[in-house]
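Asker:
2 protein chains.
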Amino acid sequence: MSPRKSVAETQHTRQRIVERSLAIASVEGLEGLTIGRLANELGMSKAGVLGHFGTKVSLQLAVVDAAATAFTEEVPRRVGDVRPGLPYLRAVCEAWVSYLERRSLPGGCFFTAAAAEFDGRSGPVHDAVTALNALWQRDLRVHVRRAVTAGDLPSDTDPDQLVYELMGVMLALNHFLQLQHDEAAPARARRAFRRLLGT
Amino acid sequence: MSPRKSVAETQHTRQRIVERSLAIASVEGLEGLTIGRLANELGMSKAGVLGHFGTKVSLQLAVVDAAATAFTEEVPRRVGDVRPGLPYLRAVCEAWVSYLERRSLPGGCFFTAAAAEFDGRSGPVHDAVTALNALWQRDLRVHVRRAVTAGDLPSDTDPDQLVYELMGVMLALNHFLQLQHDEAAPARARRAFRRLLGT
DNA sequence: CCTACCGATCGGTAGG
DNA sequence: CCTACCGATCGGTAGG
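Here the protein sequences come in this chain order: Z and S. Residue numbers for the first sequence follow UniProt numbering, so the first one is 1 and each next one is one higher. Residue numbers for the second sequence follow UniProt numbering, so the first one is 1 and each next one is one higher.
1) Using 8 Å as the threshold, is the C-beta distance between V79 (chain Z) and A70 (chain Z) below it?
2) Looking at L105 (chain S) and the ligand COA, is the gap between the Cβ and the nearest heavy atom below 7 Å?
3) By the criterion of Cβ-Cβ separation under 8 Å, what are the contact partners of D139 (chain S) in chain Z?
4) Using the Cβ count rule (16 or more neighbours within 10 Å means buried), how would you classify N133 (chain S)?
5) So which of S:T130, S:C93, S:P124, S:H181 has the shortest CA-CA distance to R194 (chain S)?
6) Specify the secondary structure class of Q15 (chain Z) as computed by DSSP and reduced to three states.
7) Cβ closer than 8 Å: which chain Z residues qualify as neighbours of G32 (chain S)?
8) Let me know if residue 238 (chain S) comes out buried or exposed under the rule of 16 or more other beta-carbons within 10 Å of its beta-carbon.
9) I want to see whether chain Z comes within less than 8 Å of E183 (chain S), judged by CB atoms only; does it?
10) If the cut is a Cβ gap below 8 Å, which residues of chain Z does residue 231 (chain S) touch?
11) Going along the chain, which residues of the stretch 110 to 123 of chain Z sit with their C-beta nearer than 9 Å to a C-beta in chain S?
12) Just the chain S side, please: which residues come within less than 8 Å of G107 (chain Z) by C-beta, in chain order?
13) Can you pull the chain Z neighbours of T130 (chain S), defined as C-beta to C-beta under 9 Å?
14) Output needed in chain order: residues of the stretch 8 to 41 of chain Z with a Cβ under 8 Å from some Cβ in chain S.
15) Rank Z:L140, Z:I24, Z:L173, Z:L179 by C-alpha distance to the C-alpha of L86 (chain Z) and give the top, closest one.
16) What's the gap between the Cα of M1 (chain S) and the Cα of L33 (chain S)?
17) Tell me, to the nearest whole angstrom, how far the beta carbon of A128 (chain Z) is from that of L30 (chain Z); I am working on the premise that it is less than 8 Å.
18) From S:A116, S:P186, S:A114, pick the residue whose C-alpha is nearest to that of Q161 (chain Z); which is it?
19) Closer than 9 Å by beta-carbon distance: list the chain S residues that pair up with H175 (chain Z), in chain order.
20) With a Cβ-Cβ cutoff of 8 Å, do A89 (chain Z) and H143 (chain Z) count as a contact?
21) Listing by chain order, which chain S residues have their CB less than 7 Å from the CB of Y99 (chain Z)?
22) Using the three-state DSSP reduction, which class does T112 (chain Z) fall into: helix, strand or coil?
23) Is there contact here, the stretch 39 to 53 of chain Z with the stretch 111 to 119 of chain Z, by at least three beta-carbon pairs under 8 Å?
24) Go ahead and label R146 (chain S) buried or exposed: buried means 16 or more other beta carbons lie within 10 angstroms of its beta carbon, across all protein chains shown.
25) On the premise that L105 (chain S) lies in contact with L38 (chain S), defined as a C-beta separation below 8 Å, what is that separation, rounded to the nearest angstrom?
26) Give me the residue from S:E28, S:R102, S:T13 with the minimum Cα distance to G43 (chain S).
27) Can you give the beta carbon distance from Y164 (chain S) to A150 (chain Z), rounded, assuming they're within the 8 Å contact cut?
28) Taking 6 Å as the limit between beta carbons, can you name the residues of its chain near A95 (chain S), skipping five residues before and five after?
29) Are the beta-carbon atoms belonging to residue 200 (chain Z) and G168 (chain S) less than 8 Å from one another?
30) Where are the alpha helix (DSSP H) runs, 4 residues long or more, that stay fully inside the stretch 36 to 104 of chain S, in chain order?
31) List the residues of chain Z whose Cβ lies closer than 8 Å to the Cβ of D160 (chain S), in chain order.
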């Protein structure tokens, strides 16, 4: 029998599970993630892993949550103190390119992969992924609007159209980097962003 | 014991299996496809299904092949007899938008989904998906070059850059349509293509 | 956090 | 194309 663990130790174990899950899921997908593999790689029993979450869906939701936190730390938070509107847009797009260049996760952008995996399914995981995707696009749209108001983007700019095109450049970067290992892709993404957001 | 089937009947059954597999895989992914589910939905035994392919990987490859054939029929073949270069590019981009608008597959573009699913894996399925993706981009690039040569696109056009941006618009259309059911997305895609390829 | 176990399902095979 | 079956693994539970 294992000795009783402190709350801190329990939370640390939980964090280890989630981190490993995130790395596995970025390659195999959230459905390809299995309790047995997780237990094996962490040197634990399946029951020990599952005890922290109850069900696989709860584990998946914890992984989505951790991915959102990591993404926030690695992209928007790295933008630094730049003004809202166009300066923010340019900085956050550059932060996105840099995030994928750094290869923080072996499978590239977790949310791009999760969006493709769950877009045809239903349930809490789909809903969580969709909600976070919406948040990200809302953030972009807010700053596009401010840029237009400030006169930094043409007054006839359609914010939804620009968000659509920015998203396209981002999705393409993940695609070219992950599927084709195209090392020229980051430069192409930067050039495309420059064309959309001015020099 | 079932009566002996003719070659034609055997091929018909095989085709039924592949078609159903394609519909399932476009939603659940090629890994989420299972022999048991397939057998159940087709009213066959698992052995009856698997007998046509031998292994699950062979079935997956047959599905990729069928998806490629269907894609060719539904996109490049619908372009009609338009001149190579810029006219072809405009027509094939419009055919792509129309293809996704028609919702031929419940999960959207099969290759976009398969690319995201297999970009971190290795093996014959990954290789097949990657090769078809490369073919598609090569086709686009060939016509971009011709358009430049013909003087229909600026002489300083970087073909790989334009292919990258065209791919971004395509990936974004699938993303907005599948994940967000955004019915305005096709119009945004058309507008983005127009901006990239002239009015 | 463990051992021991559950029914269901996985891909695949033998034999006809 | 079927029945019958294989070992492995799935998510999850009981009980401690």
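All residues carry an ideal CB built from backbone N, CA and C; glycine is no exception. Because the structure is a prediction, the values reported are computed rather than measured.
Answerer: In terms of the structure at hand:
1) No, the Cβ-Cβ distance between V79 (chain Z) and A70 (chain Z) is not below 8 Å.
2) As for the ligand COA, it is missing from this structure, which has no ligand bound.
3) Within 8 Å Cβ-Cβ: nothing; D139 (chain S) doesn't reach chain Z, min ~15 Å.
4) Buried: at least 16 other Cβ atoms inside 10 Å.
5) Closest in C-alpha terms to R194 (chain S), from the list S:T130, S:C93, S:P124, S:H181, comes S:C93.
6) Q15 (chain Z): helix per DSSP, three-state reduction.
7) Here the neighbours are E31.
8) Here chain S covers residues 1 to 199 and nothing more, so residue 238 (chain S) does not appear.
9) Under the Cβ criterion of 8 Å, E183 (chain S) is not counted among the residues facing chain Z.
10) Nothing in the structure corresponds to residue 231 (chain S), since chain S is present only between 1 and 199.
11) Taking a C-beta cut-off of 9 Å against chain S, the contacting residues of the stretch 110 to 123 of chain Z are T112, A113, A115, A116, E117, F118, D119, G120, R121, listed in chain order.
12) Scanning chain S for C-beta atoms nearer than 8 Å to the C-beta of G107 (chain Z) yields D119, G120, reported in chain order.
13) Taking a Cβ-Cβ threshold of 9 Å, the residues of chain Z close to T130 (chain S) are L179, Q180, in chain order.
14) Legend: CB atoms of the stretch 8 to 41 of chain Z lying less than 8 Å from CB atoms of chain S belong to residues S26, V27, E28, G29, E31, G32.
15) With distances taken between Cα atoms, L86 (chain Z) lies closest to Z:L140.
16) Summary for M1 (chain S): the model assigns pLDDT 40, below 50, so the residue's position carries little reliability, and this model does not support an answer.
17) A Cβ-Cβ separation of about 10 Å leaves A128 (chain Z) out of contact with L30 (chain Z) under the 8 Å criterion.
18) Among S:A116, S:P186, S:A114, the Cα nearest to that of Q161 (chain Z) belongs to S:P186.
19) Here the neighbours are T112, A115, A116, D119, N133, M167, G168, L171.
20) In the sequence as displayed, the identity of residue 89 (chain Z) is Leu instead of Ala. Against a cut-off of 8 Å, the Cβ pair of H143 (chain Z) and L89 (chain Z) comes out as a contact.
21) Under the 7 Å cutoff, chain S gives no residues; its nearest Cβ is about 17 Å from Y99 (chain Z).
22) The three-state reading of DSSP puts T112 (chain Z) in helix, counting H, G and I together.
23) Counting Cβ pairs under 8 Å, fewer than three are found: no touch.
24) Residue environment for R146 (chain S): buried (at least 16 other C-beta atoms within 10 angstroms of its C-beta).
25) Rounded, the Cβ-Cβ distance is 16 Å, inconsistent with contact.
26) It is S:T13 whose Cα lies nearest to the Cα of G43 (chain S).
27) Y164 (chain S) to A150 (chain Z), Cβ: 29 Å. No contact.
28) So the list reads V75, R78, V79, once near-sequence residues are dropped.
29) Chain Z is shown only over 1 to 199; residue 200 (chain Z) falls outside these bounds and no answer can be derived.
30) Listed in chain order, they are 46 to 50, 56 to 74, 86 to 102.
31) Residues of chain Z passing the Cβ test: A184, R188.
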